[in-house]
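Protein chains: 2
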Amino acid sequence: MNILIAGGAGFIGSNLAYALLKRGHRVVCIDNFFIGTRNNIAYLEQENEYVFYEENLNNLETISKIMRKEKIEYVFHLAANSDIQASAQNPIIEYENTYSTTVNLLEAMRICKIKRIFFASTSAVYGDKRNIFLDENTVSLEPISYYGAAKLGSEALIHAYTYMNDMSSLIFRFPNVIGPYLTHGVVFDFIKKLQKDKRHLEILGNGQQTKPYIYVGDLVRAILQFMEQPQGVHIYNVGVESNTSVTHIADIICKELKLFDVKYTYTGGIGGWKGDVPRFRYCLDKIHMAGWQAEYTSDEAVRLAVKWAVKQ
Amino acid sequence: MNILIAGGAGFIGSNLAYALLKRGHRVVCIDNFFIGTRNNIAYLEQENEYVFYEENLNNLETISKIMRKEKIEYVFHLAANSDIQASAQNPIIEYENTYSTTVNLLEAMRICKIKRIFFASTSAVYGDKRNIFLDENTVSLEPISYYGAAKLGSEALIHAYTYMNDMSSLIFRFPNVIGPYLTHGVVFDFIKKLQKDKRHLEILGNGQQTKPYIYVGDLVRAILQFMEQPQGVHIYNVGVESNTSVTHIADIICKELKLFDVKYTYTGGIGGWKGDVPRFRYCLDKIHMAGWQAEYTSDEAVRLAVKWAVKQ
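Chain order of the listed sequences is E and L.
When we follow my numbering, the leftmost residue of the first sequence carries the number 20, and every step to the right adds one.
When we follow my numbering, the leftmost residue of the second sequence carries the number 20, and every step to the right adds one.
Okay, structure coming up:
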């Protein structure tokens with residue numbers, strides 16, 4: 020099948036591209052290197068059935084042309100500003116890179132009559148609901164970050180486009196995802212900080228922010244397993260039932276870096292920054308009952324990601 | 020209070036402007052006459068405390084300048100593409116006129132530190148849920164129109180901006196609204212069609228689309244009653260418990276126009292067009308218990324609107 024990955028040079032996009040190539044698909048990637056990197060795709064460029072375009076997804080005409088030329092049958096939309104901390108200071112980043120990219124991809128699909136999409140949504144659409152298990156039918160989605168708002172707006176668009184154009188759409192609400200080719204986030208930040216200063220680590224918040232981390236390999240396996248769907252919109256929480264605190268991530272990193280004398284200081288507060296949801300728990304019954312389960316726990320996923328990052 | 024009405028030359032915006040002026044507020048309106056009309060605001064322009072700017076809300080710099088210059092304290096956001104039928108053919112209208120206007124207004128408010136907003140949302144955020152009474156906590160909002168998607172995306176933005184900037188936000192989910200200064204919609208269309216051809220009326224769908232119509236005066240009264248809210252996001256369904264079928268609207272119009280020999284033909288299908296929700300019922304307990312109730316029934320609202328339109 021001819022597949023387009025929007026955000027194909029990103030952390031998850033590049034891992035997904037590799038898996039789809041190995042399954043025998045032809046993979047066309049678009050990325051503008053806003054967050055994605057050339058390094059992430061270097062190992063893909065030797066593949067025969069791989070094509071890469073450096074383009075901005077908000078250029079509707081160009082995107083439509085690529086879709087037509089490449090005879091795209093399925094779009095995986097993983098393009099977004101995934102650096103939530105950055106957009107907390109400048110919300111327009113989410114408008115341009117998260118919401119508008121969705122608008123333009125869906126418009127191009129409508130124009131080109133492409134009927135299948137996978138969309139990378141997020142736990143951030145739920146907002147700060149610490150005391151309940153979040154399932155796909157949780158009421159009153161109230162995102163507290165501009166990122167979560169742009170993703171929830173994108174989900175709404177997918178509902179309307181799916182209905183209006185008889186599409187089949189798969190939406191996964193990701194938790195934190197971690198693994199090889201990570202481009203940002205807490206693991207990435209801590210390693211960079213410790214490379215600069217081996218004796219001291221500043222941790223945002225009180226370190227007790229506790230979230231489920233899924234290993235990217237598990238996530239990609241879930242995407243492949245569920246990518247064929249009947250007409251309509253299909254939403255799944257995807258994740259692991261365990262979780263890891265920020266302080267515990269620091270411990271794992273120090274151990275892997277063989278640093279045994281690091282002093283942690285905390286900036287304080289229950290979230291890493293305003294708009295950060297400090298804790299959440301997913302109900303994963305829907306995806307488990309449909310036959311998928313993560314292989315790695317949250318701690319194992321963190322450890323694998325750290326091992327990879329340390330090697331680089 | 021210095022109030023900004025975005026979409027102030029529109030049907031609801033102009034009615035609201037008049038009511039706020041009569042309450043002693045200073046009213047600054049912005050409109051680009053995309054749907055709003057000069058005729059709607061002609062009677063307002065003689066008021067001392069009324070200022071009008073012809074601007075596009077997507078010009079962030081201009082809007083911020085106006086907010087600062089006019090010392091705006093409260094924003095009423097009624098700017099949108101309210102012609103759902105038009106955007107069914109061209110979804111980008113909703114991106115530009117419904118979603119992006121919200122982004123730019125909220126951004127300008129953030130920059131200018133304005134903390135209070137009223138947002139005109141819609142029953143279309145619920146999607147097609149014919150068999151249940153829709154209350155504010157109904158699960159799985161799945162808009163089937165691009166309009167509903169852009170409004171739901173706007174609500175999501177308001178959640179994030181409210182949390183991030185300690186705002187107080189009031190969201191009303193409007194049903195069909197009707198009354199003086201109407202600019203489009205079924206009443207408007209039928210009168211125009213009957214002025215061209217007094218013997219024949221084409222009705223979109225099977226005529227059995229049945230919706231609650233609220234009189235604009237009732238709606239404006241609700242806005243004024245609830246406009247002061249504590250910090251946070253406050254969502255209300257607003258409407259009437261009765262409703263009116265499209266064929267019954269045609270009957271009311273023919274009676275008012277004294278046309279007794281009109282032959283109706285139906286284009287068929289349960290909706291007027293794809294993306295049209297043919298029937299819905301609101302649960303209004305929340306707003307009723309908070310002390311507001313519509314004065315006019317749906318049929319009465321239609322009759323009042325028709326009487327006004329026929330006089331013009």
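Ideal Cβ placement from N, Cα and C applies to all residues, glycine included.
- prompt: Which residue comes first and which comes last in the alpha helix (DSSP H) that contains residue 58/E?
  reply: Counting from one through the first sequence, the residue named residue 58/E turns up at place 39. 57 to 60 is the extent of the alpha helix (DSSP H) around residue 58/E.
Every unbroken alpha helix (DSSP H) inside the region 142 to 197 of chain L [4 residues or more]: 165 to 184
query: What is the DSSP secondary structure of residue 296/E, counted as helix, strand or coil?
result: By one-based count along the first sequence, residue 296/E stands at place 277. Reduced to three states, the DSSP call for residue 296/E is coil.
Start-end ranges of the beta strand (DSSP E) lying completely within the region 212 to 244 of chain E, minimum 3 residues: Correct list: 219 to 222 and 232 to 234.
task: Starting from residue 326/L, follow the alpha helix (DSSP H) in both directions and report where the run begins and ends.
output: Within the second sequence, the letter at position 307 stands for residue 326/L. Taken as a continuous stretch (DSSP letters only), the alpha helix (DSSP H) holding residue 326/L covers 317 to 330.
message: I want to see whether chain E comes within less than 8 Å of residue 86/L, judged by CB atoms only; does it?
response: As a first step, residue 86/L must be located in the second sequence, where it is residue number 67. Output row for residue 86/L: interface = no.
- prompt: What in chain C is Cβ-close to residue 151/L, meaning under 7 Å?
  reply: In the structure shown, chain C cannot be found, because the protein chains are E and L.
- request: For residue 307/E, write down the residues that DSSP places opposite it in a beta bridge.
  value: Position 288 of the first sequence, counting from 1, holds the residue named residue 307/E. Its beta-bridge partners do not exist; DSSP assigns none.
field: Within chain E, partners of residue 183/L - CB distance below 9 Å
entry: For the purposes of this step, residue 183/L is taken as the residue at position 164 of the second sequence. Within 9 Å Cβ-Cβ: 107, 110, 163, 164, 165, 293 and 294.
- request: Determine which residues of the region 174 to 206 of chain E have a Cβ less than 7 Å from any Cβ of chain L, and write them out in chain order.
  value: 175, 176, 178, 179, 182 and 183
field: 3 or more residues per run - each beta strand (DSSP E) lying fully within the region 47 to 103 of chain E
entry: If one requires a minimum length of 3 residues, the beta strand (DSSP E) runs lying completely within the region 47 to 103 of chain E are 69 to 73 and 93 to 96, in chain order.
- prompt: Which of helix, strand or coil does DSSP assign to residue 32/L?
  reply: The residue labelled residue 32/L in the question sits at position 13 within the second sequence. Secondary structure of residue 32/L (DSSP, three-state): helix.
- request: Using a Cβ-Cβ cut-off of 8 Å, state whether residue 281/E counts as contacting chain L.
  value: Numbered from its first residue, the first sequence carries residue 281/E at position 262. With 8 Å as the cut-off, residue 281/E does not count as an interface residue toward chain L.
- request: Assign residue 192/E to one of two classes, buried (16 or more other C-beta atoms within 10 Å of its C-beta) or exposed (fewer than that).
  value: Counted from its first residue, the first sequence places residue 192/E at position 173. Label assigned to residue 192/E: buried.
- prompt: Under 8 Å Cβ-Cβ, which residues of chain E neighbour residue 171/L?
  reply: Numbered from 1 along the second sequence, position 152 holds the residue referred to as residue 171/L. Residues of chain E passing the Cβ test: 171, 172 and 175.
field: For residue 135/L, the three-state DSSP class (helix, strand or coil)
entry: The residue you call residue 135/L lines up with position 116 of the second sequence. In the structure shown, residue 135/L sits in a strand (DSSP, three-state: E or B).
task: May I have the straight-line CA-CA distance separating residue 307/E from residue 44/E, to the nearest angstrom?
output: Counting from 1 along the first sequence, the entry for residue 307/E is found at position 288. Counting from 1 along the first sequence, the entry for residue 44/E is found at position 25. Taking the straight line joining both Cα atoms gives about 26 Å.
message: I want to verify the contact list: residues of chain E whose CB lies under 7 Å from the CB of residue 156/L, in sequence order.
response: Numbered from 1 along the second sequence, position 137 holds the residue referred to as residue 156/L. Here the neighbours are 158 and 159.
message: On a Cα-Cα basis, can you pick out the residue from 200/L, 55/L, 166/L and 80/L that is closest to residue 71/L?
response: Residue numbering aside, residue 71/L sits at position 52 when the second sequence is read from its first letter. Scanning 200/L, 55/L, 166/L and 80/L for the CA closest to the CA of residue 71/L turns up 55/L.
- prompt: In the structure shown, what three-state DSSP assignment does residue 203/E receive?
  reply: Position 184 of the first sequence, counting from 1, holds the residue named residue 203/E. Three-state result, residue 203/E: coil.
- request: Please list the partners that residue 168/E has in chain L, where partner means a Cβ-to-Cβ separation under 7 Å.
  value: Within the first sequence, residue 168/E is the residue found at index 149, counting from 1. For residue 168/E, the chain L residues whose Cβ falls inside 7 Å of its Cβ are 175, 176, 178 and 179, in order along the chain.
query: What is the rounded straight-line gap between the Cα of residue 28/E and the Cα of residue 171/E?
result: One-based indexing of the first sequence puts residue 28/E at position 9. One-based indexing of the first sequence puts residue 171/E at position 152. Approximately 23 Å, taken between the alpha carbons.
task: Have a look at residue 182/E and residue 272/E and give me their C-alpha separation to the nearest angstrom.
output: Counting from one through the first sequence, the residue named residue 182/E turns up at place 163. Counting from one through the first sequence, the residue named residue 272/E turns up at place 253. Rounded to whole angstroms, residue 182/E and residue 272/E show a C-alpha spacing of 46 Å.
query: By Cβ distance below 6 Å, which residues in the same chain neighbour residue 154/L in space, the five residues on each side in sequence not counted?
result: Along the second sequence, one-based indexing puts residue 154/L at 135. Excluding the 5 residues flanking it on each side, residue 154/L has same chain C-beta neighbours closer than 6 Å at 302, in chain order.
query: Do we get a CB-CB distance below 8 Å when we pair residue 257/E with the residues of chain L?
result: Looking up residue 257/E in the first sequence gives position 238. No, no contact with chain L.
Where the beta strand (DSSP E) through residue 277/E begins and ends: On the first sequence, position 258 is the one that residue 277/E refers to. Run containing residue 277/E: none; DSSP gives neither H nor E here.
- prompt: Looking at C-alpha atoms only, which residue of 318/E, 263/E and 195/E is the closest neighbour of residue 103/E?
  reply: In the first sequence, counting from the first residue as 1, residue 103/E sits at position 84. Closest by alpha carbon: 195/E.
- prompt: For residue 118/L versus residue 173/L, is the C-beta spacing smaller than 8 Å?
  reply: What you label residue 118/L is simply residue 99 of the second sequence in a count that begins at 1. What you label residue 173/L is simply residue 154 of the second sequence in a count that begins at 1. For residue 118/L and residue 173/L, yes; Cβs fall inside 8 Å.
message: Need the endpoints of the beta strand (DSSP E) that residue 287/L sits in, please.
response: In the second sequence, counting from the first residue as 1, residue 287/L sits at position 268. Counting along the chain, residue 287/L falls outside any beta strand (DSSP E), and DSSP gives it neither H nor E.
- prompt: Among 108/L, 223/L and 198/L, which has the Cα closest to the Cα of residue 59/L?
  reply: On the second sequence, position 40 is the one that residue 59/L refers to. Cα-wise, what sits closest to residue 59/L is 198/L.
- prompt: Per DSSP, residue 251/E forms a beta bridge with which residues?
  reply: Walking along the first sequence from the start, residue 251/E turns up at place 232. Residue 251/E pairs with 187/E.
query: Hey, is the region 238 to 255 of chain E in contact with the region 200 to 214 of chain E, meaning 3+ C-beta pairs nearer than 8 Å?
result: no
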